[in-house]
Amino acid sequence: MKSTFQTIEGTSDLLPGAPKALVRTEVWHHIERGIHEIMRRHGFSEIRTPILEHTGLIARGIGQLTDIVSKEMYTFERGNTNYVLRPELTAPIMRSYLQHHLEQQPGVQRLYYLGACFRAERPQKGRYRQFHQFGAEIIGTEDPRADAEIIAVMMEVYRALGLLETRLRINTLGSAETRPQYREALVRYLEPHRETLTGVSQDRLSRNPLRILDTKVEAERKILKEAPRLYAYLDEESRRNYEALKRVLASIAIPYLEDPMLVRGLDYYTRTAFELEHDGIGAQSALAGGGRYDLLAPAIGAKKPVPAVGFAAGMERLILAMEGSGLPLPESDPFDVWMIALGDAAGEKAFIFVQSLRRAGLRAGLELTGRSMKAQMRLANRAGSRWVVILGEKELETEQAIVKDMVTGEQIAVPFMGLTQNLTEKLK
Numbered sequence: 000m001k002s003t004f005q006t007i008e009g010t011s012d013l014l015p016g017a018p019k020a021l022v023r024t025e026v027w028h029h030i031e032r033g034i035h036e037i038m039r040r041h042g043f044s045e046i047r048t049p050i051l052e053h054t055g056l057i058a059r060g061i062g063q064l065t066d067i068v069s070k071e072m073y074t075f076e077r078g079n080t081n082y083v084l085r086p087e088l089t090a091p092i093m094r095s096y097l098q099h100h101l102e103q104q105p106g107v108q109r110l111y112y113l114g115a116c117f118r119a120e121r122p123q124k125g126r127y128r129q130f131h132q133f134g135a136e137i138i139g140t141e142d143p144r145a146d147a148e149i150i151a152v153m154m155e156v157y158r159a160l161g162l163l164e165t166r167l168r169i170n171t172l173g174s175a176e177t178r179p180q181y182r183e184a185l186v187r188y189l190e191p192h193r194e195t196l197t198g199v200s201q202d203r204l205s206r207n208p209l210r211i212l213d214t215k216v217e218a219e220r221k222i223l224k225e226a227p228r229l230y231a232y233l234d235e236e237s238r239r240n241y242e243a244l245k246r247v248l249a250s251i252a253i254p255y256l257e258d259p260m261l262v263r264g265l266d267y268y269t270r271t272a273f274e275l276e277h278d279g280i281g282a283q284s285a286l287a288g289g290g291r292y293d294l295l296a297p298a299i300g301a302k303k304p305v306p307a308v309g310f311a312a313g314m315e316r317l318i319l320a321m322e323g324s325g326l327p328l329p330e331s332d333p334f335d336v337w338m339i340a341l342g343d344a345a346g347e348k349a350f351i352f353v354q355s356l357r358r359a360g361l362r363a364g365l366e367l368t369g370r371s372m373k374a375q376m377r378l379a380n381r382a383g384s385r386w387v388v389i390l391g392e393k394e395l396e397t398e399q400a401i402v403k404d405m406v407t408g409e410q411i412a413v414p415f416m417g418l419t420q421n422l423t424e425k426l427k
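Read the sequence shown against numbering that gives the first Met the number 0 and you will find it ends at 427, with the numbers running on by one and no gaps.
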């Protein structure tokens, strides 16, 4: 029977044992466990913010001229309040930092997150209307070592998951005071070329010219080869900060490429900007990106800047890159024990045993529809169970279960009284 409703285009269900890694729950669990472990090792604590935020927070935080705010947000109104499904998490995290006065906590705040985000864009490989981000933030210090630490923890996540063939690109965007001078120089250079630019770039030339540096159009990239470079407009402090970042990255053996064309698409970035790339996800090569955003706090209502640096990454893109690299991805979580019961009385006894095994810490399964012995054995095989416990009329009479090793085929009789302990010891 055909379902009346389907998932909305650009969204996906996550299913156990699904044929595609992108929607297989076990793959997501595998990656999430890896992220949690790396973040724990680096001293980061998890933060969770609501999916629903005030529209003004995102518009003021990200910037009215960005594509996200102007084209891609899911917004709605209730009463006199405008809401948005969060399109990213950095602004919500800074909102939470300010709201709960986390600056009063000792030391800098090392925070990380995993969560769903939403953007109303045309779905394609690596871009979805509901997607999932993970990332980390260090809030409370201007030290360039914090920038290096964020880059290091980002790269360690990918390394731990087996993605080694990545490229790190870095740049500096300078300060808010010097960037307008560069903006004017870039506009002066590009104005004579306006008619040869795409419609998107012509619009950006008027509203947000630095975004043109991100163009993937070959004709525009040729024009930009002779464009003024932002580095020439840096103030001395930004220059020192950038040189210090490069020294620290070199000292911890993190290779990088300097890219003067690298800019971030959000208005709140200053100084450090970076992206991590991989060739295994097609045309959209960016896996993760981030930078320093000291001016985000005053943009959303704080009285003064709050030094902060972070990165954000897409879970879906990470999975696509792992698939493209041929990395082994978990199929399904195997069971430790599978109970097979023949008859109603055996079924009731098996149900008691399976609960006892679960309380003992084992992953134990039991079929509940009274299928044949052959059908239940097929289920045990499919579940990847190492051990099978068989209960029938004879076993109930003798109060001994048949325990079968699914690797060797060996079978032994085990008294009911010692069944849980016996299996627990076998699986230590």
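A virtual CB, placed ideally from N, CA and C, is assigned to each residue, including glycine.
Could you compute how far the alpha carbon of Gly364 sits from the alpha carbon of Thr397?
Here the question's residue 364 lines up with position 365 in the sequence shown. Here the question's residue 397 lines up with position 398 in the sequence shown. If I take the Cα positions, the gap works out to 23 Å.
Under a three-way DSSP split, which group does Gly198 fall into?
Within the sequence shown, residue 198 is the residue found at index 199, counting from 1. Helix, per DSSP.
Does the Cβ of Pro49 have 16 or more other Cβ atoms within 10 Å, making it buried, or fewer, making it exposed?
By 1-based counting over the sequence shown, the position of residue 49 is 50. Exposed, by the Cβ-count rule.
Assign Phe310 to one of three DSSP states: helix, strand, or coil.
Sequence index remark: in the sequence shown, residue 310 carries index 311 (1-based). In the structure shown, Phe310 falls within a strand segment according to DSSP collapsed to helix, strand and coil.
Could you tell me which residues DSSP pairs with Ile137 in its beta bridges?
Locating residue 137 in the sequence shown gives position 138, where the first residue counts as 1. DSSP output for Ile137 lists Arg109 and Val308 as bridge partner(s).
Who are Ser44's beta bridge partners in DSSP?
Here residue 44 is taken as the residue at index 45 of the sequence shown, counted from 1. DSSP output for Ser44 lists Leu110 as bridge partner(s).
Kindly confirm or deny that the stretch 370 to 387 and the stretch 309 to 322 touch, where touching means at least three C-beta pairs closer than 8 Å.
no
Opposite Leu84 in the DSSP bridges: which residues?
For this step, residue 84 is matched to residue 85 along the sequence shown. Note: Leu84 sits in a beta bridge opposite Leu51 and Tyr73.
So within the stretch 366 to 399, which uninterrupted alpha helix (DSSP H) runs reach at least 4 residues, ignoring any that extend past its ends?
372 to 381 and 392 to 397
How long is the line joining the alpha carbons of Leu64 and Arg118, rounded to whole angstroms?
As a first step, residue 64 is located in the sequence shown; it is residue number 65 there, counting from the start. As a first step, residue 118 is located in the sequence shown; it is residue number 119 there, counting from the start. With a pLDDT of only 47 at Leu64, under 50, the local geometry of the prediction cannot be trusted, and no value is derived from it.
Would you mind stating whether Gly289 and Ser331 have Cβ atoms separated by less than 9 Å?
Residue 289 sits at position 290 when you count from the first residue of the sequence shown. Residue 331 sits at position 332 when you count from the first residue of the sequence shown. No, these two residues do not count as a Cβ contact at 9 Å.
Residue-level contact to chain B via CB, Ile50, 9 Å cutoff:
In the structure shown, chain B does not exist; there is a single protein chain.
Is it buried or exposed, Glu416, if we count other Cβ atoms within 10 angstroms and call 16 or more buried?
Taking the sequence shown and counting its residues from 1, the one referred to as residue 416 is at position 417. Sequence check: residue 416 is Met here, not Glu. Classification of Met416: exposed, given that the 10 Å Cβ count is below 16.
Short of 8 Å in beta carbon distance, which residues of its chain neighbour Asn81, apart from the five on each side in sequence? Order them along the chain.
For the purposes of this step, residue 81 is taken as the residue at position 82 of the sequence shown. Only His53, Thr54, Gly55, Thr74 and Phe75 meet the Cβ criterion.
Name, in chain order, the residues that DSSP records as bridge partners for Thr171.
Counting from one through the sequence shown, the residue named residue 171 turns up at place 172. Bridge partners of Thr171: Thr271.
Sequence ranges, alpha helix (DSSP H) only - wholly within the stretch 207 to 251, length at least 4:
217 to 223 and 235 to 250
Output the boundary residues of the beta strand (DSSP E) element that contains Pro414.
What you label residue 414 is simply residue 415 of the sequence shown in a count that begins at 1. Gln410 to Pro414 is the span of the beta strand (DSSP E), which, as asked, contains Pro414.
Which class does Pro18 belong to by DSSP, given the choice of helix, strand or coil?
Taking the sequence shown and counting its residues from 1, the one referred to as residue 18 is at position 19. Pro18 falls in the coil class under three-state DSSP.
The stretch 111 to 127 touching the stretch 138 to 150, judged by at least three CB pairs closer than 8 Å:
no
Determine the direct distance from the alpha carbon of Gly114 to that of Thr10, and round the result to whole angstroms.
Sequence index remark: in the sequence shown, residue 10 carries index 11 (1-based). Sequence index remark: in the sequence shown, residue 114 carries index 115 (1-based). Taking the straight line from one Cα to the other gives about 14 Å.
Measure the Cβ-Cβ separation of Leu88 and Cys116 and say whether it is below 9 Å.
For the purposes of this step, residue 88 is identified with residue 89 of the sequence shown, where counting begins at 1. For the purposes of this step, residue 116 is identified with residue 117 of the sequence shown, where counting begins at 1. It is a contact, given that the beta carbons lie within the stated cut-off.
Counting C-beta neighbours from all protein chains within 10 Å, is the total for Ile251 16 or more, i.e. buried, or is it exposed?
Translated into positions along the sequence shown, residue 251 becomes position 252. Under a 10 Å Cβ-count criterion, Ile251 is classified as exposed, with fewer than 16 other Cβ atoms of the shown protein chains found around its own Cβ.
Arg206 versus Lys221, Arg182 and Arg228, residue with shortest Cα-Cα distance
What you label residue 206 is simply residue 207 of the sequence shown in a count that begins at 1. Minimum Cα distance to Arg206 is reached at Arg182.
So what does DSSP say about His192, is it helix, strand or coil?
Locating residue 192 in the sequence shown gives position 193, where the first residue counts as 1. Residue state, collapsed to three classes: helix.
Beta strand (DSSP E) segment containing Ala349, residue limits:
Position 350 of the sequence shown, counted from the start, is the residue given in the question as residue 349. Premise fails: Ala349 lies in the alpha helix (DSSP H), Asp343 to Arg358, not in any beta strand (DSSP E).
Using the three-state DSSP reduction, which class does Ile7 fall into: helix, strand or coil?
Along the sequence shown, one-based indexing puts residue 7 at 8. Looking at Ile7 - three-state DSSP - the assignment turns out to be coil, as it is neither helix nor strand.
On the three-state DSSP scale, how would you describe Asp278?
The sequence position of residue 278 within the sequence shown is 279, counting from 1. If DSSP states are grouped into helix, strand and coil, Asp278 belongs with the helices.
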